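Only one structure is covered here, and it is reproduced in the block below.
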Amino acid sequence: MANLDYRVVLDSLQAGMLVFDAKDHLLLANTAAETILGPNLILVRSDGWSAFAMLYDASSLAKTNQTTAGQLRARAQRQGTPVRFQMLLGGQYAPCSLSVVREDDHSKEANTVVMIEQPDWSALTELMSTFRAEARTAIVSTSGHAEFIKRLLTTPPLRVSEEELRKRAVQMIGVIATDMYHLQLLMDMLHRLEIIRIGAWQRSSRTRAASCTRSILWKTLLKAWASARSSAPAKRSAPTATA
Numbered sequence: 318m319a320n321l322d323y324r325v326v327l328d329s330l331q332a333g334m335l336v337f338d339a340k341d342h343l344l345l346a347n348t349a350a351e352t353i354l355g356p357n358l359i360l361v362r363s364d365g366w367s368a369f370a371m372l373y374d375a376s377s378l379a380k381t382n383q384t385t386a387g388q389l390r391a392r393a394q395r396q397g398t399p400v401r402f403q404m405l406l407g408g409q410y411a412p413c414s415l416s417v418v419r420e421d422d423h424s425k426e427a428n429t430v431v432m433i434e435q436p437d438w439s440a441l442t443e444l445m446s447t448f449r450a451e452a453r454t455a456i457v458s459t460s461g462h463a464e465f466i467k468r469l470l471t472t473p474p475l476r477v478s479e480e481e482l483r484k485r486a487v488q489m490i491g492v493i494a495t496d497m498y499h500l501q502l503l504m505d506m507l508h509r510l511e512i513i514r515i516g517a518w519q520r521s522s523r524t525r526a527a528s529c530t531r532s533i534l535w536k537t538l539l540k541a542w543a544s545a546r547s548s549a550p551a552k553r554s555a556p557t558a559t560a
């Protein structure tokens, strides 16, 4: 253990680490931090904690909880445990933590340690591929069934009763509803992963998107249902009146 190079250990971490001294100068930045921060690290090396705080404060303005970096550090110092937060880096929010560390219990000077994680979004990429395939299947299926209903109502088959015509239309509408339900489930799964990835926890935007989708779906189904009930009998009643 005496010959262990701690710098090598820190550089082997997947998470980025920044250590600031009591005067807010940058003491250490491992290899992962250099990769994550990129050109921003030059500013952090030059201006220390104030530069990092500026980067975080700018990203927090896009979120509902506008907590400053100074408030995060004060909370970590007060409670004595790491404070978790998210920071906008490279267009997406990265999970981070901040700790205030003292060399011993009697030391008045404290170092600030920031950990920046690099999440693995391979699951999201895989889901996107599955979503595209499933969505395409549902859309093609729905389009085909909608066209079938349209033809069924505009040119009903001969020797088919009104009741049988109605049943066929209702069955096709049921298939459409099932396809749209499965597509909605996929959209919800994708949305949950997406808000985790970008840190967009605003409930209002999610509610509006879901409400809009449900509104379009049910308006389409109700319109098809109304056509099945009104148009089909009308087309079958004309020959009966002539007879």
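Throughout, the numbering used here is defined as the position within the sequence shown, counted from one, plus 317. By construction, the Cβ of each residue, glycine as well, lies at the ideal position given by its N, Cα and C atoms. If you're wondering where the values come from, they're calculated on a predicted model, not measured in any experiment.
Nearest by alpha-carbon distance to residue i: which of the options is it?
i           : options               : result
residue 363 : 342, 354 and 353      : 342
residue 333 : 462, 493 and 432      : 432
residue 507 : 404, 442, 437 and 454 : 442
residue 391 : 494, 430, 365 and 404 : 430
residue 493 : 452, 479 and 505      : 452
residue 437 : 365, 510 and 371      : 510
residue 449 : 361, 501 and 480      : 501
Can you tell me the Cβ-Cβ gap for residue i and residue j, rounded? I've got them flagged as a contact below 8 Å.
i           : j           : result
residue 386 : residue 373 : 4 Å
residue 465 : residue 489 : 6 Å
residue 369 : residue 335 : 7 Å
residue 359 : residue 406 : Contact doesn't hold; Cβ gap of about 15 Å is too wide.
residue 330 : residue 346 : Their Cβ separation, rounded to whole angstroms, is 12 Å, which puts residue 330 and residue 346 out of contact at 8 Å.
residue 486 : residue 470 : 7 Å
To the nearest angstrom, how far is it from the Cα of residue i to the Cα of residue j?
i           : j           : result
residue 409 : residue 376 : 10 Å
residue 395 : residue 415 : 12 Å
residue 337 : residue 499 : 50 Å
residue 428 : residue 339 : 5 Å
residue 446 : residue 472 : 39 Å
residue 322 : residue 351 : 19 Å
residue 399 : residue 457 : 50 Å
residue 426 : residue 417 : 10 Å
residue 420 : residue 384 : 27 Å
residue 484 : residue 459 : 18 Å
residue 411 : residue 482 : 56 Å
residue 503 : residue 454 : 12 Å
residue 356 : residue 461 : 52 Å
residue 324 : residue 512 : 35 Å
residue 522 : residue 401 : Note that residue 522 scores a pLDDT of 49, beneath 50, so its modelled location is shaky and nothing firm can be said.
residue 434 : residue 413 : 6 Å
residue 444 : residue 491 : 27 Å
residue 371 : residue 344 : 18 Å
residue 477 : residue 467 : 16 Å
residue 480 : residue 495 : 23 Å
residue 403 : residue 388 : 14 Å
residue 367 : residue 361 : 8 Å
residue 439 : residue 505 : 18 Å
residue 365 : residue 397 : 22 Å
residue 557 : residue 463 : With a pLDDT of only 43 at residue 557, under 50, the local geometry of the prediction cannot be trusted, and no value is derived from it.
Between residue i and chain B, is there a C-beta pair that is closer than 8 Å?
i           : result
residue 375 : Chain labels in this structure do not include chain B; a single protein chain is all it has.
| query | Quick one: complete beta strand (DSSP E) runs, 3+ long, within the stretch 319-388? | reply | Listed in chain order, the beta strand (DSSP E) runs fully inside the stretch 319-388 are 333-337 and 343-346, counting runs of at least 3 residues.
| field | Length at least 3, wholly inside the stretch 411-475: the beta strand (DSSP E) runs in chain order | value | 427-433
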